[in-house]
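Chains as they are written, first to last, in this note's numbering: chain X, 38 to 149; chain G, 2 to 116. Here's the structure, in C-alpha cells; my notes come after.
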Amino acid sequence: NAGVTQTPKFQVLKTGQSMTLQCAQDMNHEYMSWYRQDPGMGLRLIHYSVGAGITDQGEVPNGYNVSRSTTEDFPLRLLSAAPSQTSVYFCASRTGANSPLHFGNGTRLTVT
Amino acid sequence: EDQVTQSPEALRLQEGESSSLNCSYTVSGLRGLFWYRQDPGKGPEFLFTLYSAGEEKEKERLKATLTKKESFLHITAPKPEDSATYLCAVQAMWRSGAGSYQLTFGKGTKLSVIP
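Quick look at the structure:
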C-alpha cells in the first residue's frame, strides 16, 4: 500500500517557468489537499478538494492552480514560478472530516 | 480565526529525561486536535487525535492530553529515536461543508534527544 505518492522529490525552476507537482493516493480518500511548509511559518493550506470535480482555495492560493479529475490524483500547477514559491510542498489526503490526514514525503522546490 | 501556538520552539533532552510539549489553541468550537511527528525530509506522520477536554491517548513513550485551551504531549524516558519535530493541528467546528475538513497547524516543536 503506497499511501500518498508525490513526484518529483526535488525540482529547480527559473523565475517565470511553469510546472506541475504530482500527487496520487491509493486509499480511495475523498479529501485531498496541498500544503507548503516554510521555515518559521508552519504548514499552510494552498488548495483542497473534497472529490472529483470539486476544488477550493485555502490560505495561500495565489500563483497556484489545481484540478481533480479522478479520486486518485490531485496535481498542483505553478503557472509562472516566483522566488517566493521556493518551499517544500506536501500533498495530504483523508477519508472523512474526522479522520487523520495522511501526508506524502514532499517536493522540495527551488525557484531561482 | 483559528490559532495554534506551540512551545517551546526547540527542546533538547538527555536520554531518559521526561518532559512535555505544549500546544495552545484558539478556535470557535473544537472539532478535533491532532498531533503529528515529522522527521527531516519526510512528511508528517499521524500520532493522535483528541476530541474533548479530559481525553488522553497513549502510544509507547508518548501521551497526549487535552484541556479546553491547550494540549500537552508528554514524553516519558525519551530515546534518541524520538528526536523529530512534533506538530499540533486543530479542526474547527464553525467551518461547514468542504471547509470542515481544514486543519490549522502550529509551527512545531523540534525535539532533540541526546544519548
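Backbone N, C-alpha and C fix where the C-beta goes; we use that ideal spot for every residue, glycine too.
From the options, pick the residue whose C-alpha is nearest to that of residue i; which is it?
i: G100 (chain X); options: X:G40, X:L80 and X:Q54; result: X:Q54
i: R81 (chain X); options: X:G90, X:A89, X:W71 and X:V87; result: X:W71
i: V97 (chain X); options: X:A89, X:G88, X:T108 and X:L115; result: X:L115
i: S25 (chain G); options: G:K58, G:K108 and G:P116; result: G:K108
i: L31 (chain G); options: G:P79, G:E56, G:R62 and G:D40; result: G:E56
i: T132 (chain X); options: X:V148, X:Q122, X:T92 and X:T108; result: X:T108
Cβ atoms of residue j and residue i: under 9 Å apart, would you say?
i: T44 (chain X); j: T144 (chain X); result: yes
i: A90 (chain G); j: L104 (chain G); result: yes
i: T77 (chain G); j: L88 (chain G); result: no
i: S121 (chain X); j: L146 (chain X); result: no
i: V5 (chain G); j: F73 (chain G); result: no
i: L112 (chain G); j: D83 (chain G); result: yes
i: T27 (chain G); j: W36 (chain G); result: no
i: N135 (chain X); j: G33 (chain G); result: yes
Am I right that residue i and residue j are in contact with their C-beta atoms under 8 Å? What's the rounded C-beta distance?
i: Y126 (chain X); j: Y102 (chain G); result: With 8 Å as the limit, Y126 (chain X) and Y102 (chain G) do not qualify as a contact, their Cβ atoms being about 19 Å apart.
i: G90 (chain X); j: R105 (chain X); result: 6 Å
i: S130 (chain X); j: M56 (chain X); result: Contact flag wrong, Cβ pair sits at about 21 Å.
i: C60 (chain X); j: F140 (chain X); result: Not a contact, Cβ separation roughly 10 Å.
i: Q74 (chain X); j: G40 (chain X); result: Not confirmed; about 18 Å, so no contact.
i: P79 (chain G); j: E18 (chain G); result: 7 Å
Listing by chain order, which chain X residues have their CB less than 8 Å from the CB of residue i?
i: Y102 (chain G); result: Y68, S70, Y85, V87, R131 and A134
i: F73 (chain G); result: Per Cβ cutoff of 8 Å: no residues; F73 (chain G) is ~19 Å from chain X at best.
i: K108 (chain G); result: G77, M78 and G79
Going by the C-beta, is residue i closer than 8 Å to any heavy atom of the ligand SAM?
i: T52 (chain X); result: Of the ligands one can find in the structure shown there are none, so the ligand SAM has no counterpart to examine.
Listing by chain order, which chain X residues have their CB less than 7 Å from the CB of residue i?
i: P81 (chain G); result: The premise fails here: P81 (chain G) is roughly 22 Å from chain X at the closest Cβ pair, so nothing lies under 7 Å.
In chain G, which residues lie less than 8 Å from residue i when you measure between Cβ atoms?
i: L50 (chain X); result: Residues of chain G passing the Cβ test: none, with the nearest at roughly 20 Å.
i: N142 (chain X); result: G42, K43 and G44
For residue i, go through chain G and note every residue whose CB falls closer than 7 Å to its CB, in chain order.
i: P137 (chain X); result: F35, F47 and T50
Residue i touches chain G at which residues, Cβ-Cβ below 9 Å?
i: L82 (chain X); result: Q103, L104, T105 and F106
i: Q127 (chain X); result: Here the sequence assigns Phe to residue 127 (chain X), which means Gln is not the residue at that position. The answer, in chain order, is G44 and P45.
* **Near-chain X residues of the stretch 43 to 63 of chain G (beta-carbon distance less than 7 Å), N- to C-terminal order** => Of all residues in the stretch 43 to 63 of chain G, K43, G44, P45, F47 and T50 have a Cβ within less than 7 Å of some Cβ in chain X.
* Interface residues of the stretch 6 to 35 of chain G facing chain X [CB-CB below 8 Å] -> Cβ contacts with chain X: R32, G33 and F35.
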